[in-house]
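Down below is the structure, laid out as structure tokens.
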Amino acid sequence: MLPATGGLMDDFAPGSDEFTTSQTKAAFDAAVTELMAHSPVPMWIFEQSTLRFLAVNESAVSLYGWSREEFAGMTIADIRPPGEVAALREHLSDAEVDETFHDSGLWRHLTKDGRLLTMHITSYHLRLLGRHVVMVAALDQTAVDHATRRTAALYRLGQLADLSDTATFLDGVADVIGQALDSTHAALFLINDQQPGQLTMASATSPWRDQLTAEVGDAISIDEASVWSGARVRRDAFIDNEATGNQQLASDFRADDLLRAAVVPTLRGDQAAALVAVANKPGRYTADDVETARSLGDIALHLLEGKRAHDGQRAALHRYERAAWAAVEALARATEARDPYTAGHQHRVGVLASHIGNRLGLPQGEVDGLQVAGALHDLGKIAIPAEILTKPGRLSEVEMALVRTHTDIGGDILREIDFPWPVRDVVTQHHERLDGSGYPAGLSGDEICLAARIVGVADVVDAMTSMRPYRSAVGVDAAIAELMNHRGVLYQSDIVDAAVDVLHEFGGVPPHVPAAVLVS
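Spelled out as structure tokens, the structure:
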């Protein structure tokens, strides 16, 4: 049984050659309790060879839903989707005891009630009483991942509409919806009020398209008892997370391999105009999935109507491109809303970075990109607990390791958004330094993209000239001294010179960008 303190299980009993005194386990239990019991993030310890849980904290119990007694009989494979256990074992197969924090990246976990979580994992391998054990801290990135998938799908639909003809656009719509909702089956069906017994298949993923035995544009007959008719008439979303054995649903979907499914209507006024159908997500469909399906169906329908009408297409496209940028900006604001000490920090970094780029003579497009990248550079902090971000004292080693994961987390958040600038590189590299002393990858020199080198300097300046929970602002002069003292070592010389010129000109960080940019 896992003790309430978060210490090791009582039945973790090493041999006598490994246990010299009872104080050994007691001392470790005390250390585990101090480290884990008060952590705002889920933490656990497992044995490398068996994958068995040895300790879990209260945050893990609360998030995942299993009791400590249940965790005591489980392995870490039990909280993974079945199809991803092999990847987990391969990931751990060559892990060594090095007593170093490792950013293990994003992993999908399942809760007791079947919800699918996206977790960013930091691990620490050590040898305890002769055995290889792993301590894990898990940051819940599920809400951010959902928002990112929705934003990326929105952006891709706009790209599809802009760059392809109607047939190609329709061919890709279902794939975009399926990826956004993590579903193997996805389709968009159009409703014709004049034909209540039929749906028109606008788009469907393969192989579901083959199971539907229909081509794009074909009519599919439906009966009054079907889920299609129900969603159409009631205009409400339908979800079945226990679809196995549901013969009516299997018949409606023309698929005999359903695990779970959802049908969401897209409305025009008070009438259903289209249905988005998805199935076989690894975890349960949620209310957030319904909203994503509804918004993507609405967008796809608007863009399709614009393409078919051959007018208003650009207006519709630009409308949803602006919505995509607004969603990204909302993520940036959400990051800062969790930490009052850094409110406005990302915006100011973007402003200063764009001025530096302008002073360096970069093309206007690259200057615009610096503003966008600066505004998103700390996006990964949205997954870091606010208790850590706002802690007034010195951070522990574990807390510092978690904070440093924000660069990779930010990169993960933006992984599916194809910006016209190196925004993702800036997010992951802005803490790298010219001499290789930065993190997370220890890049040096030209290995760091130019935009990240610029944003990195702007970040240092704004951090030093702004208040933090552990100190007051140190001022512009101190920031300039920091840049000059490490000019050519940590920071690129011409970037430092440009930054200093800007700071002297404005007496600090400029209030506005030097030119109009895409995001406003």
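The numbers in the sequence shown follow the working numbering, run straight up by one, and end at 539. Heads up, the beta-carbon is just placed ideally off N, CA and C, and yes, glycines get one too.
Where residue i falls: helix, strand or coil (DSSP)
| i | result |
| --- | --- |
| residue 126 | strand |
| residue 503 | helix |
| residue 160 | coil |
| residue 535 | Unreliable placement is indicated for residue 535, whose pLDDT of 48 sits below 50; the coordinate value is still reported in the next sentence. Correct three-state label for residue 535: coil. |
| residue 188 | helix |
| residue 321 | helix |
| residue 529 | coil |
| residue 170 | helix |
Residues that residue i bridges to, as DSSP identifies them
| i | result |
| --- | --- |
| residue 63 | 75 and 155 |
| residue 306 | Partner(s): none; residue 306 has no beta bridge. |
| residue 142 | 121 and 155 |
| residue 220 | 208 |
| residue 297 | 205 and 281 |
| residue 287 | 290 |
| residue 136 | 128 |
Residue i vs residue j beta-carbon contact at 8 Å
| i | j | result |
| --- | --- | --- |
| residue 72 | residue 153 | no |
| residue 197 | residue 303 | no |
| residue 208 | residue 221 | yes |
| residue 202 | residue 299 | yes |
| residue 192 | residue 182 | no |
| residue 433 | residue 446 | yes |
| residue 481 | residue 367 | yes |
| residue 274 | residue 230 | yes |
| residue 519 | residue 484 | no |
| residue 428 | residue 178 | no |
| residue 403 | residue 291 | no |
| residue 104 | residue 90 | no |
| residue 77 | residue 96 | no |
| residue 171 | residue 436 | yes |
Rounded straight-line distance, which links the Cα of residue j to that of residue i
| i | j | result |
| --- | --- | --- |
| residue 531 | residue 514 | 19 Å |
| residue 397 | residue 442 | 11 Å |
| residue 374 | residue 505 | 21 Å |
| residue 169 | residue 318 | 11 Å |
| residue 388 | residue 448 | 15 Å |
| residue 251 | residue 305 | 20 Å |
| residue 315 | residue 120 | 39 Å |
| residue 455 | residue 145 | 27 Å |
| residue 426 | residue 517 | 25 Å |
| residue 417 | residue 293 | 49 Å |
| residue 155 | residue 122 | 10 Å |
| residue 431 | residue 107 | 18 Å |
| residue 392 | residue 470 | 8 Å |
| residue 259 | residue 282 | 9 Å |
| residue 405 | residue 58 | 12 Å |
| residue 524 | residue 128 | 51 Å |
| residue 412 | residue 492 | 16 Å |
| residue 376 | residue 118 | 41 Å |
| residue 194 | residue 227 | 11 Å |
Cut-off 7 Å between Cβ atoms - residues of its own chain near residue i, not counting five sequence neighbours on either side
| i | result |
| --- | --- |
| residue 79 | 61, 62 and 63 |
| residue 262 | 268, 277, 278, 279 and 280 |
Beta-carbon contacts of residue i that lie in its chain and below 6 Å, excluding the five residues immediately before and after
| i | result |
| --- | --- |
| residue 151 | 67 and 116 |
| residue 164 | 137 |
| residue 457 | 450 and 451 |
Cβ shell of residue i (< 8 Å), same chain only, five flanking positions each side left out
| i | result |
| --- | --- |
| residue 241 | 216, 217, 218, 247, 248 and 271 |
| residue 510 | 452, 453, 472, 475, 476, 479 and 502 |
Chain C contact for residue i (CB, 8 Å cutoff)
| i | result |
| --- | --- |
| residue 325 | The structure shown has no chain C; it contains just one protein chain. |
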